[in-house]
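Taking it in order: structure first as structure tokens, then the write-up.
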Amino acid sequence: MEVIKELEKEFIKNKERFVQIGYNPQTKVYLYKRIFPRGAIVYEVFKRRINKRFNCISYPGGNAFGYWALTFPKYEQAKYYLDNGFIKPS
């Protein structure tokens with residue numbers, strides 16, 4: 001069986017910088033810091049999804065947000081989902 005290619009820890013796409021700042025193996029949730037060219041920062045959390053076609057973990061596209069990926073302006077908000085999975089706070 002082939003080894004699944006993991007996500008890059010840091011990459012640039014469309015002049016935006018993405019930096020992995022967390023992964024929780026219990027919840028299978030990633031946390032990335034997204035830094036825009038002018039310096040604005042948001043935090044993206046998303047479930048680990050294996051792309052069977054390319055044998056890799058996929059970073060979510062725009063249509064995934066709101067379903068298996070979320071964006072937050074504050075680190076603390078994103079950290080909740082990293083720690084607890086996609087269970088909404090009560």
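Residue 1 is where the sequence shown starts when you use this note's numbering, and the numbers rise one by one after that.
Yeah, the Cβ is synthetic: ideal placement off N, Cα and C, and Gly gets one too.
Assuming residue i and residue j make a contact with CB atoms under 8 Å, what is their CB distance in whole Å?
i   : j   : result
V42 : P73 : 6 Å
K28 : K9  : Not confirmed; about 17 Å, so no contact.
If you count every other CB in all the chains shown that lies within 10 Å of the CB of residue i, and 16 or more means buried, which is it?
i   : result
P60 : buried
V3  : exposed
F54 : exposed
Y67 : exposed
A78 : buried
A69 : buried
In three-state terms, what does DSSP make of residue i?
i   : result
L70 : strand
K9  : coil
Completely contained beta strand (DSSP E) runs for the segment 14–51, where each covers 3 or more residues: 16–24, 29–35, 41–47
Three CB pairs or more closer than 8 Å across the segment 12–19 and the segment 28–38: yes
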